[in-house]
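Novice: Right, I'll just put the structure down here and ask away after.
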């Protein structure tokens, strides 16, 4: 079987794929309503939140756009904390819809520094919201969100968190860490196909929403909330993804979120130890290494593209290339969602065989 | 088996549901690229277009929002031709993003009058684009789009068509009828689950897009087009819906689009003849009756809600209620996508048994 080791879509368990063979039902009927309520209830447990969690039909980036247009007005100032491609994307969305964006960029492969956030918030008291990536897929770095949140909340700012690739895989207690908005996407740790985004909104987030003037229709949180009260979505939901999700969430709650987080930590340790024994560099330091994706590199000499081609052709293993400035310089091993220790051991064994063929020195 | 007879989601053929059990693949890899190209090629045949067709992950309403924000600038004037709830929705989206909307509303159950469009375009020469619903799901009326297009093109305006519930079921030659943008949704005539929208863009549409200043990120057509050239989408696509679509499009092309349109026409005739023999009123006249949904009513006395409950509880048949001003006054029989003559005969037989129980006079 192919080893799909990219940071989403993740492979789906067979039970989840099978759930999608269920015939369509009326998305305005009671049966769907029960299903949606069950799914939202389970999502809240894994988000560790009492906040509303809204179901949106779209990719994770759609969830990010939804967060921006529902929380902000044109002309609002936001501090955009970025440690890579997805941090830049969050900033670009805010800029597109008319926010004044103050970028706070950190070196690729490093996490954001809470004290730098404090300094920026002191320098720019007009900042209304802080945009943070919890887990930066492009560099394999997880931010210390708890500390970043403490910094943001010292200044009483809105905290908007891109948790697309962390929620469900890495501990993120949304309420304890005061996330006003936290966004995830179905194809990540949730082990289901892409097509839905989930967004939690805190009471403070709802207050901001009442004032927010960016134009919105499809992504409007008021419409989503009013419809959720009727156990519906404002627009036709991706019903088959909801079926898949109902199954995967049961599996996740049966495994237990602490066990899921521990499994992702174990898998990460195996990946990082293995990469080190192969003599390859790791982009992120141990203290900030993501538990959902491991970035290997940077390389200057050897041909990373060739390595990925050999991994695919000879080992049926799909790894991810670098994005943005890291294109051609790193490769990434995704290990989120439906992943176990042996999957990563197999990837490492394949890498060991492929590296010399691709011209990497052992 | 349940008879899901709402105007989308439509039931999916077993082959289509089965296609979704396929494991996830890399949405940035060659295998996905081939699949996307194949799907887009087939969509173009059914859209009867040489224009670009873009794949968007979202509901049909997302596709409508995408059309608006990619074609228009705040302050642009649009003529919004409305014959029901979905016409009003198209207008509301345009208004939300800052267009000046001139509403041209027609009586519910009636089609739009091309001469009224001509008069409006003469009265408001500043109109840049005309928004039209091809098939109005809420009333079961199909507009005479060919004639409406002729009126719009006499004045050289942009023609933006909500074809969500018609494309793939009712003849709509996008190029011959000069649609600058035509939008459809996966859960309609395409016989696949909801989660994707398809939008065609004409060369004139692309020229309008270059000037259009409404804010857009997730829905941006330039990003979609640039990525389509690499056989990708800008954001992670709903991969399992693409699998389903690849299967359903093969089935559709094997049946032949003329045969599909003829089947929808036959099914409609059976539905309308049957409704008449049951002594019930039809909202739309024969000349404008939709081939994807039949609206029955309006009723003033009998309890439509009770009828739909009996149809569900005793006949496992899901019909749709009225929307907007027609809520409680009509019910609707969806017959699009995976539907055959016997499905509708069964619905009619169930209706015959249910009507007296619900207090409808025979």
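Residue numbers (our numbering), protein chains in the order written: chain A, 366 to 727; chain B, 366 to 727.
For each residue, glycine too, the CB sits at the ideal point set by N, CA and C.
Note that the coordinates shown come from a computational prediction; the quantities given were computed from them, not determined experimentally.
Assess, as a yes-or-no matter, whether the segment 547 to 559 of chain B is touched by the segment 701 to 719 of chain B under the definition of 3 or more beta carbon pairs within less than 8 Å.
Specialist: yes
Novice: Taking the C-alpha atoms as reference points, what is the distance between residue 693(A) and residue 583(B)?
Specialist: 26 Å
Novice: When the Cα of residue 589(B) is compared with those of 413(B), 599(B) and 375(B), which residue comes out closest?
Specialist: 599(B)
Novice: Hey, which unbroken runs of the beta strand (DSSP E) at 3 residues or more fall wholly within the segment 601 to 671 of chain A?
Specialist: 658 to 661
Novice: Nearest to residue 574(B) by alpha carbon, out of 441(B), 713(B), 718(B) and 535(B)?
Specialist: 441(B)
Novice: What is the DSSP secondary structure of residue 577(B), counted as helix, strand or coil?
Specialist: coil
Novice: Of the choices 633(B), 646(B) and 670(B), whose alpha-carbon is the least far from that of residue 657(B)?
Specialist: Out of 633(B), 646(B) and 670(B), the CA that lies nearest to the CA of residue 657(B) is found in 633(B).
Novice: To the nearest angstrom, report how far apart residue 563(A) and residue 626(B) are at their CA atoms.
Specialist: 38 Å
Novice: Between the beta-carbon of residue 338(A) and the beta-carbon of residue 612(A), is there less than 8 Å?
Specialist: The displayed coordinates of chain A run from 366 to 727. Any statement about residue 338(A) would go beyond what the structure contains.
Novice: Pull up the distance between the alpha-carbon of residue 410(A) and that of residue 724(A), whole angstroms please.
Specialist: 47 Å
Novice: Pull up the CB-CB distance for residue 452(B) and residue 659(B), whole angstroms please, since I reckon it's below 8 Å.
Specialist: Not really, about 19 Å apart at Cβ, beyond 8 Å.
Novice: Can you tell me whether residue 503(B) is helix, strand or coil according to DSSP?
Specialist: In the three-state DSSP reduction, residue 503(B) falls in the coil class, being neither helix nor strand.
Novice: List the residues of chain A whose Cβ lies closer than 7 Å to the Cβ of residue 683(B), in chain order.
Specialist: By Cβ distance, chain A contributes 391 and 394.
Novice: If you follow the alpha helix (DSSP H) that residue 524(A) is part of, which residue opens it and which one closes it?
Specialist: No alpha helix (DSSP H) holds residue 524(A); the beta strand (DSSP E) holding it covers 523 to 527.
Novice: Per the DSSP calculation, residue 697(A) is bridged to which residue(s)?
Specialist: 660(A) and 685(A)
Novice: According to DSSP, simplified to helix, strand and coil, what is residue 405(A)?
Specialist: helix
Novice: Under 8 Å between the Cβ atoms of residue 696(A) and residue 672(A)?
Specialist: Yes, Cβ-Cβ distance for residue 696(A) and residue 672(A) is below 8 Å.
Novice: Which residues does DSSP pair with residue 561(A) in a beta bridge?
Specialist: 422(A)
Novice: For residue 630(B), which of 417(B), 533(B) and 527(B) has the nearest alpha-carbon?
Specialist: 533(B)
Novice: Give me, in chain order, the residues of the same chain whose beta-carbon lies closer than 8 Å to that of residue 368(B); leave out the 5 immediate sequence neighbours on both sides.
Specialist: 680, 681, 682, 683, 708, 711, 712 and 715
Novice: I need the boundaries of the alpha helix (DSSP H) containing residue 452(A), first residue and last residue.
Specialist: 450 to 461
Novice: At the 8 Å Cβ level, is residue 377(B) part of the contact set with chain A, yes or no?
Specialist: True, the Cβ-Cβ gap to chain A drops below 8 Å.
Novice: Shorter than 8 Å from the beta carbon of residue 559(B) to some beta carbon of chain A?
Specialist: yes
Novice: In this structure, what does DSSP give as the bridge partners for residue 340(B)?
Specialist: The question about residue 340(B) has no answer here: the residues shown for chain B are numbered 366 through 727.
Novice: Let's test the definition: count the other Cβ atoms within 10 Å of the Cβ of residue 674(B) and tell me whether it reaches 16, buried, or not, exposed.
Specialist: exposed
Novice: Does the contact criterion of 3 or more C-beta pairs under 8 Å hold for the segment 432 to 451 of chain B versus the segment 485 to 504 of chain B?
Specialist: The segment 432 to 451 of chain B and the segment 485 to 504 of chain B touch, with no fewer than 3 CB-CB distances between them shorter than 8 Å.
Novice: Any Cβ of chain B within less than 8 Å of the Cβ of residue 372(A)?
Specialist: no
Novice: Which of the three DSSP states, helix, strand or coil, is assigned to residue 707(A)?
Specialist: helix
Novice: So is residue 600(A) in contact with chain B if we call contact Cβ pairs under 8 Å?
Specialist: yes
Novice: Here's a check: name, in chain order, each residue in its chain whose Cβ is nearer than 6 Å to the Cβ of residue 396(A), leaving out the five neighbours to either side.
Specialist: Taking C-beta separations shorter than 6 Å and ignoring five residues to either side along the sequence, the partners of residue 396(A) in its chain run 390, following chain order.
Novice: Along the segment 578 to 589 of chain B, what residues have a CB closer than 9 Å to any CB found in chain A?
Specialist: Of all residues in the segment 578 to 589 of chain B, those with a C-beta nearer than 9 Å to a C-beta of chain A are 579, 580, 581, 582, 583, 584 and 585, reading in chain order.
Novice: How big is the Cα-Cα spacing for residue 726(A) and residue 667(A)?
Specialist: 9 Å
Novice: Report the neighbours of residue 698(A) on chain B: residues whose CB is nearer than 8 Å to its CB, in chain order.
Specialist: The contacting residues do not exist; residue 698(A) stays about 13 Å from chain B at best.
Novice: With a threshold of 8 Å between beta carbons, is residue 461(A) in contact with chain B?
Specialist: yes
Novice: Under 9 Å between beta-carbons, which chain B residues line up against residue 575(A)? List them in chain order, please.
Specialist: Here the premise fails: no neighbours, minimum Cβ distance about 17 Å.
Novice: To which residues does DSSP link residue 417(A) through a beta bridge?
Specialist: 566(A)
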